[in-house]
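In the working numbering, the protein residues as written are 139 to 844. Ideal Cβ placement from N, Cα and C applies to all residues, glycine included. It should be emphasised that the depicted structure is a prediction, and the values quoted were computed from it without experimental measurement.
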Amino acid sequence: MATAVQKIVLSSSRDIPFNKLVLSQSNVRRVKAGVSIDDLAASIARRGLIQSLSVFPVVDAEGVETGIYEVPAGGRRFRALEMLVKQKRLAKVAPVPCVVRERDGAILPEEVSLAENIERAPLHPLDQFRAFHDMLIKGMTEEEIAAAFFVPVQVVKQRLRLASASPALLEVYAEDGMTLEQLMAFTVSPDHARQEQVWDAIKDAWSKEPYQIRRMLTETTVRASDKRAVFVGVEAYEAAGGVIMRDLFQSDDGGWLQDPALLDRLVAEKLKATAGEVATEGWKWIEVAVSFPYDATRSLRELQGEALDLTAEEQATIDALIGEQQKLEAEYQDADELPEEVDQRLGEIETALAALEARPVRYEADDIARAGVFISIAHDGQVDIDRGYVRAEDEAPTASEGETGGEAGSDPVEPIVQRAVITIGCQPAEPEDDEDDAIKPLPDRLVTELTAHRTLALRNALANNPHVAMTALLHKLVSDAFQHRMYKGAIEASVSHVFFPVQDDALKDSPAARAVQERHEAWAGDIPAEDDALWDWLAALDDASRMALLAHCVSYGVNALYEKPNPYGGNGVSQHGLDMRLGQADRLARATGLDMVDVGWRPTVGNYLGRVTKPRILQAVREGAGEQAAQLIDHLKKGDMAKEAERLLAGTGWLPEPLRLVAESEATTPDTDAGREDDGALPDFLAGDDEEAPAEDEEQHLVAAE
Numbered sequence: 139m140a141t142a143v144q145k146i147v148l149s150s151s152r153d154i155p156f157n158k159l160v161l162s163q164s165n166v167r168r169v170k171a172g173v174s175i176d177d178l179a180a181s182i183a184r185r186g187l188i189q190s191l192s193v194f195p196v197v198d199a200e201g202v203e204t205g206i207y208e209v210p211a212g213g214r215r216f217r218a219l220e221m222l223v224k225q226k227r228l229a230k231v232a233p234v235p236c237v238v239r240e241r242d243g244a245i246l247p248e249e250v251s252l253a254e255n256i257e258r259a260p261l262h263p264l265d266q267f268r269a270f271h272d273m274l275i276k277g278m279t280e281e282e283i284a285a286a287f288f289v290p291v292q293v294v295k296q297r298l299r300l301a302s303a304s305p306a307l308l309e310v311y312a313e314d315g316m317t318l319e320q321l322m323a324f325t326v327s328p329d330h331a332r333q334e335q336v337w338d339a340i341k342d343a344w345s346k347e348p349y350q351i352r353r354m355l356t357e358t359t360v361r362a363s364d365k366r367a368v369f370v371g372v373e374a375y376e377a378a379g380g381v382i383m384r385d386l387f388q389s390d391d392g393g394w395l396q397d398p399a400l401l402d403r404l405v406a407e408k409l410k411a412t413a414g415e416v417a418t419e420g421w422k423w424i425e426v427a428v429s430f431p432y433d434a435t436r437s438l439r440e441l442q443g444e445a446l447d448l449t450a451e452e453q454a455t456i457d458a459l460i461g462e463q464q465k466l467e468a469e470y471q472d473a474d475e476l477p478e479e480v481d482q483r484l485g486e487i488e489t490a491l492a493a494l495e496a497r498p499v500r501y502e503a504d505d506i507a508r509a510g511v512f513i514s515i516a517h518d519g520q521v522d523i524d525r526g527y528v529r530a531e532d533e534a535p536t537a538s539e540g541e542t543g544g545e546a547g548s549d550p551v552e553p554i555v556q557r558a559v560i561t562i563g564c565q566p567a568e569p570e571d572d573e574d575d576a577i578k579p580l581p582d583r584l585v586t587e588l589t590a591h592r593t594l595a596l597r598n599a600l601a602n603n604p605h606v607a608m609t610a611l612l613h614k615l616v617s618d619a620f621q622h623r624m625y626k627g628a629i630e631a632s633v634s635h636v637f638f639p640v641q642d643d644a645l646k647d648s649p650a651a652r653a654v655q656e657r658h659e660a661w662a663g664d665i666p667a668e669d670d671a672l673w674d675w676l677a678a679l680d681d682a683s684r685m686a687l688l689a690h691c692v693s694y695g696v697n698a699l700y701e702k703p704n705p706y707g708g709n710g711v712s713q714h715g716l717d718m719r720l721g722q723a724d725r726l727a728r729a730t731g732l733d734m735v736d737v738g739w740r741p742t743v744g745n746y747l748g749r750v751t752k753p754r755i756l757q758a759v760r761e762g763a764g765e766q767a768a769q770l771i772d773h774l775k776k777g778d779m780a781k782e783a784e785r786l787l788a789g790t791g792w793l794p795e796p797l798r799l800v801a802e803s804e805a806t807t808p809d810t811d812a813g814r815e816d817d818g819a820l821p822d823f824l825a826g827d828d829e830e831a832p833a834e835d836e837e838q839h840l841v842a843a844e
């Protein structure tokens, strides 16, 4: 005979006035840390009590019910109601929905309280995202949703962005197939097809880091901090129909511009418009480009124009700005940190003063008719207009008949002969066998490009150290005099300006290049054009200025470039000559204290990591970031490995071999130096005994270096 199933009887439910309820000591929630009553009270005030309280009747000593009920389960709700009563937003006798349980039943109050707290299943984040999305569709604004759940609007935007990811990826996330951080990374791009394509590419990979997902989704975009984007302006790009991808979950430096072709068109249009304005000045030619190579003007003569004087209005503006600047600095001189608005205002003042100090230059009409202008984008996104360059074929005819080609007395320029270099996308097409784990020598072109950076940095370092510049010049003169080297002219010493046959795109915008150019322009503005006037001007200079000018001129002769030695003689450099050059470059670097990390060189995909083999990339990461970091990327393809290596090496101070400073103990040894014509050592009286130099000389050296 079948046994009848006993039916469950649920506890009765009824409304009980709030003043008849008390908090039970049987409530298992004792720790109050992290428990918010304010938000729950606000929620009850908006939506009412969503969940009833579970109560037990209170009895007296004889077991008779007193009409009071204790609350063992729902203590947080009870305290929220109590807060509303104290705020007079809820009546003391307001009825509260309660489930009344038997006092002497088999289930203890502690069991009820514990079960209520541990048996509830937390809402999956995806359900929350979708709920926010549904409320948005049904008419609530993002601000209203944020107000309803007492969260910042940014949180709502983030949840809505997550809900807008590809449905296929949301299903993967719902089944715990990806982490929340990975899903957040996918929301960088609104393209569902691209999201799914990236997931299919990495889902079976060993590493699926969020940064990899972001990089893959943005690899065809342009950063908003790119100088082209700054030049055009994000607002103009969006007004033209461009779309910007934003990351709501971490700093994105302004986002990514999705349409590089549109950006390039806007850049070209704005540069063309600028060129049209400059053309009205009457120049013979104008060259326009996003950027020009370093030393693009080396074969041209630069006109020396006359800087226009300040107008009375401009001078008054400068005086007012300086007065405001001094007042702010005096007011906050004892402050540990400037208020944000004060710091911003000081920056605006400095920018305005710099703009006023950069005076327009006036040129003669005849000079303008034969000269030209370079228009490009500076590293900070501002338009760079470089006026007043004359090509050799546009020079005015000289008085001597029959004289052709260049200025009188100038030496003919020998063409640079080098092997053909095939480039693809401005990068050398170097054959590479990534399957070979052997570390091969660096390509000659890459070493030359790297040493171009070092040469330019050495020039800047030497120009800032007149004492070393004087020692270098004296060493050159003494070597020529005592070792019977021939001069081109009568008792002349000359510095040959060394140009770079190859260079990467970043060289022109490097800190050293900008420092050299700014210093050169500062001197050029003071130097007279006429020969007699120049002699008198030089004679009248104080010693510190003469030393500083000498250091600047000597610095242009620095040549720390690697060249492939020519074993057959003739054009080019011999192996011995190359060794001498690089050895002396190391000596100059030690003497000036040059550190390529301090002057701003960083390994990037463009200047190193994308130009070498995978073993070289791994070696760099291993040396700069450690073995564990190298293991994170050793499975990646060459392009991905280079990009991740750039990120891993950021801030490590790692340098490739051609940019490292060879220790003095490694630079020369008795065995290797024996028998050489010139070991690069200075005589004792030229060795730079700084300790014995007069104090006034040291002061002059410091002034000149500044």
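Alpha carbon to alpha carbon, how far is residue i from residue j?
i: P569; j: V585; result: Because P569 carries a pLDDT of 47, less than 50, the predicted location of this residue cannot be relied on, and the following value inherits that uncertainty. Approximately 16 Å, taken between the alpha carbons.
i: P235; j: R214; result: 15 Å
i: H635; j: A723; result: 16 Å
i: Q333; j: A269; result: 22 Å
i: P305; j: G731; result: 58 Å
i: Q641; j: T593; result: 12 Å
i: V499; j: L446; result: 6 Å
i: T742; j: K781; result: 8 Å
i: N165; j: E249; result: 9 Å
i: A660; j: H690; result: 11 Å
i: L438; j: E376; result: 40 Å
i: P703; j: P398; result: 42 Å
i: A644; j: N745; result: 8 Å
i: H714; j: Y700; result: 12 Å
i: K224; j: V372; result: 52 Å
i: R597; j: V696; result: 6 Å
i: A653; j: L448; result: 26 Å
i: S548; j: R583; result: Low per-residue confidence applies at S548: pLDDT is 47, beneath 50, and the placement is therefore not dependable enough to give any value.
i: V160; j: V143; result: 37 Å
i: H517; j: V750; result: 26 Å
i: A492; j: G485; result: 11 Å
i: Q396; j: A180; result: 43 Å
Which same chain residues, not among the five before or five after residue i, have their C-beta less than 8 Å away from its C-beta?
i: R366; result: V360, L401, D402, V405, V428, I515, G519
i: S151; result: S190, P235, C236, V237, V238
i: I175; result: R214, R217, A218, M221
i: Q600; result: A small correction: the amino acid at residue 600 is Leu; Gln does not occupy that position in the sequence shown. Here the set comprises V606, A607, A610, A689, V692, S693, V696, L726, T730.
Beta-carbon within less than 7 Å of residue i's beta-carbon, same chain only, minus the 5 sequence neighbours each way: which residues are those?
i: P779; result: The residue asked about is misnamed: residue 779 is Met in this sequence, not Pro. Answer for M779: K752, I755, I771, listed in chain order.
i: F267; result: R297, L300, A301
i: N157; result: K230, V231
Apart from the five residues on each side of it in sequence, which residues of its chain come closer than 6 Å, Cβ to Cβ, to residue i?
i: A783; result: L747, I755, V759
i: Q442; result: A667
i: D177; result: F288
i: F194; result: E208, R239, R241, P247
i: M322; result: F387
Which one or two residues does DSSP pair with residue i in a beta bridge?
i: M383; result: W394
i: C236; result: R152, L191
i: D522; result: S514
i: I424; result: V511
i: E440; result: Y527
i: R361; result: W394
i: A445; result: V499
For chain C, check one thing: does any of its Cβ atoms lie closer than 8 Å to the Cβ of residue i?
i: V193; result: Of the protein chains in the structure, only one exists, and it is not chain C.
How about the stretch 261 to 276 and the stretch 180 to 198: do they share at least three Cβ pairs that are nearer than 8 Å? no
What residue ranges within the stretch 281 to 341 form continuous alpha helix (DSSP H) runs of no fewer than 4 residues, ordered along the chain? 291 to 301, 305 to 312, 318 to 324, 330 to 340
What are the complete alpha helix (DSSP H) segments, minimum 4 residues, inside the stretch 146 to 230? 176 to 185, 213 to 224
Give, in chain order, every unbroken run of the alpha helix (DSSP H) that is at least 4 residues long and sits entirely within the stretch 629 to 676. 649 to 662
Determine contact between the stretch 282 to 292 and the stretch 302 to 319, defined as no fewer than three beta-carbon pairs at a distance below 8 Å. no
Alpha helix (DSSP H) runs wholly inside the stretch 722 to 764, at least 4 long, in chain order: 752 to 763
Contact between the stretch 342 to 358 and the stretch 485 to 499 (3+ Cβ pairs under 8 Å): Contact fails: fewer than three Cβ-Cβ distances are below 8 Å.
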